[in-house]
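Numbering (my numbering), first residue to last: 23 to 371.
We treat Cβ as the ideally placed atom computed from N, Cα and C, and that holds for glycine.
Some notes on the structure that comes next.
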Amino acid sequence: MFKSKIAGIGKYIPANTMTNEDLKKYMDTSDEWIQERTGIQERHYAHRTEETTTTMGVEAAKMAIERAGTTAKEIDFIIFATLSPDYYFPGCGVLVQRALAMNEIGALDIRNQCSGFVYALSIADQFIQTGMYKNILVIGSEKHSFGLDFSTRGRNISVIFGDGAGAVVLQPTQKANQGILSTHLHSDGASAELLAMYNPGTHANHWVKEKLATYNEAEIGDMFMTKEMIDQAQNFPYMDGPAVFKKAIVKFPEVIIEALTANGLTTADLNLLIPHQANLRISQFVQQKLALQDHQVFNNIQQYGNTTAASIPIALCEAWEQGKIKEDDLVCLAAFGSGFTWASALIKW
Ligand code: UT7
């Protein structure tokens, strides 16, 4: 079995910045509320027509591929994590294969929202360990700005999310005691509807049930996306923020300790924790709970907001660029989000 290492890492942040003040043009909110509750000062939004989840992922991927000292032709598998894909189907993975003129390699899309990147990394790690692939491109990318409710009705969510992409290239390592030490994946579907986008979808929601009561052959195709669904903002994400918060502050520490314990390590051994950037208050709570020093935790939600599947690779890339991750450092990635799903990865850099 081979261990896998992150051989190259890249990110792409769209140029357009949206500050908290800017958001006041669209909804009833304030810089004070947003900073106090989330720590966010600004976020970046993709160009409305020129940039997509895939194009941002491609830019991050180019940087990761170059830094790994390889080429797009050498990549032998793609894993793409996102909740805001260019199309409902096909997934973004094949669009990356096309954009980078890669060989006819496998391309897999992951739908695990905020935990998506860690899930994707875990899958890539298994393929490297078995020797099946040697050069896997893992991308997390989101274009949230296209699918948010910018009226006051949606302010608890729309102020949080931002756009961007991060990517890594995973390769087998020849060095002993280097690379991904373990990954830990979890889910609890009992709370699936507490953080979700309900429509369009194929679930038997009550709009469909109402329609079925007066079932009419001619109407069958109208149930996927109706005017009523749009009127009731069902096409935008829904979140019970306080419920998600309460669960997150339990599961984040749990999955970090699980990773350390599985490797016979403790929080004192940790050089850097990169938590999914959901809310600065959540990160601070986790830091306090685990008694970590400031230099052991990396946060950049202040500048980017919550970029869901992209948040961990963007933060990892930025921490590495700032010299905060050096060879032999112990780095823990941890995520929690919609599903609920949560996950961690422990890496000896
Ligand atoms: O990444 C995926 C996982 N997601 C998370 O981990 C998010 C977890 N949840 C959170 O981060 C927080 O729950 C939020 C930041 C989303 C919300 O903060 P909160 O302290 O839980 O606020 P709340 O939802 O309980 O709302 C408190 C008040 C409400 O007003 P009333 O009912 O007290 O009058 C909201 O209407 O704040 C109001 N509010 C806002 N006010 C100004 C909600 N959003 C806004 C806003 N601006 N943007």
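Check, Outcome
"Which word fits Tyr67, buried or exposed, when buried means at least 16 other C-beta atoms lie within 10 angstroms of its C-beta?", "buried"
"Does the region 192-210 touch the region 56-66, meaning 3 or more C-beta pairs lie closer than 8 Å?", "no"
"Can you list, in chain order, the residues of its chain with a C-beta nearer than 6 Å to that of Gly188? Leave out the 5 residues immediately preceding and following it.", "Lys33, Ala82, Gly162, Ala332, Pro335, Ile336, Cys339"
"Rounded to a whole number of angstroms, what is the C-alpha to C-alpha distance between Lys46 and Glu215?", "28 Å"
"Which runs of the beta strand (DSSP E), 3 residues or longer, sit entirely within the region 309-366?", "352-359"
"What number of angstroms, rounded off, separates the C-alpha of Lys27 from the C-alpha of Phe139?", "15 Å"
"Starting from Glu164, trace the beta strand (DSSP E) both ways and give me its first and last residue.", "158-164"
"For Ser106, verify whether its CB is less than 7 Å away from any heavy atom of ligand 1.", "no"
"Output the distance between the C-alpha atoms of Ala142 and Ile202, rounded to the nearest integer angstrom.", "13 Å"
"Should Gln315 be labelled buried (16 or more other beta-carbon atoms within 10 Å of its own) or exposed?", "exposed"
"Under three-state DSSP, which class holds Tyr141?", "helix"
"Return the chain-ordered list of same chain residues with a C-beta closer than 6 Å to the C-beta of Ala270, the five sequence neighbours on each side being excluded.", "Ile304, Phe358"
"Give a yes or no on whether the C-beta atoms belonging to Ser144 and Ala356 are separated by under 8 Å.", "no"
"Between the beta-carbon of Phe102 and the beta-carbon of Ile56, is there less than 8 Å?", "no"
"How big is the Cα-Cα spacing for Ala278 and Gln318?", "The displayed chain sequence assigns Ile, not Ala, to residue 278. In a straight line, the C-alpha of Ile278 is about 13 Å away from that of Gln318."
"Which value, in whole angstroms, describes the spacing of the CA atoms of Ala281 and Thr363?", "16 Å"
"Since Asp98 contacts Lys156 with CB under 8 Å, what's their CB separation in whole angstroms?", "6 Å"
"Does ligand 1 have a heavy atom nearer than 7 Å to the CB of Tyr285?", "Checking the sequence, you will find Asn at residue 285 rather than Tyr. Every heavy atom of ligand 1 is 7 Å or more from the Cβ of Asn285, so no."
"Would you mind reading off the limits of the beta strand (DSSP E) that contains Ile132?", "128-132"
"With hydrogens ignored, establish whether the beta-carbon of His298 is closer than 7 Å to any heavy atom of ligand 1.", "yes"
"Please find out if some non-hydrogen atom of ligand 1 comes closer than 7 Å to the beta-carbon of Phe358.", "yes"
"Taking a contact to mean a Cβ-Cβ separation below 8 Å, would you say Gly30 touches Ala123 in this structure?", "no"
"For Phe183 versus Asn328, is the C-beta spacing smaller than 8 Å?", "yes"
"State the DSSP-derived secondary structure class of Leu368, mapped to helix, strand or coil.", "strand"
"Should Ala129 go down as buried or exposed, given a rule of 16 or more other Cβ atoms within 10 Å for buried?", "buried"
"Going by beta carbon distance, what residues of the same chain come within less than 8 Å of Val118, once the five residues before and after it are set aside?", "Thr76, Gly79, Val80, Ala83, Ile100, Phe102, Met124, Ala129, Leu159, Ile161"
"Alpha carbon to alpha carbon, what distance is there between Ala198 and Met40?", "45 Å"
"Going along the chain, which residues of its own chain have a beta-carbon closer than 8 Å to the beta-carbon of Trp342, five neighbours each way excluded?", "Ile31"
"Helix, strand or coil: how does DSSP classify Asn257 here?", "coil"
"What residue from Tyr220, Arg120, His166 has the CA that sits closest to Tyr260's CA?", "Tyr220"
"Report the rounded CA-to-CA distance for Val353 versus Ser180, giving the unit in angstroms.", "30 Å"
"Is it right to say His206 is buried, meaning 16 or more other beta carbons lie within 10 angstroms of its own, or is it exposed?", "buried"
"Between the C-alpha atoms of Thr289 and Leu295, what's the straight-line distance to the nearest angstrom?", "9 Å"
"Going by other Cβ atoms of all chains shown within 10 Å of its Cβ, with 16 needed for buried, is Tyr110 buried or exposed?", "exposed"
"Of the choices Glu349, Ser360, Gly361, whose alpha-carbon is the least far from that of Lys370?", "Glu349"
"Is it the case that the CB of Ser52 approaches a heavy atom of ligand 1 more closely than 7 Å?", "yes"
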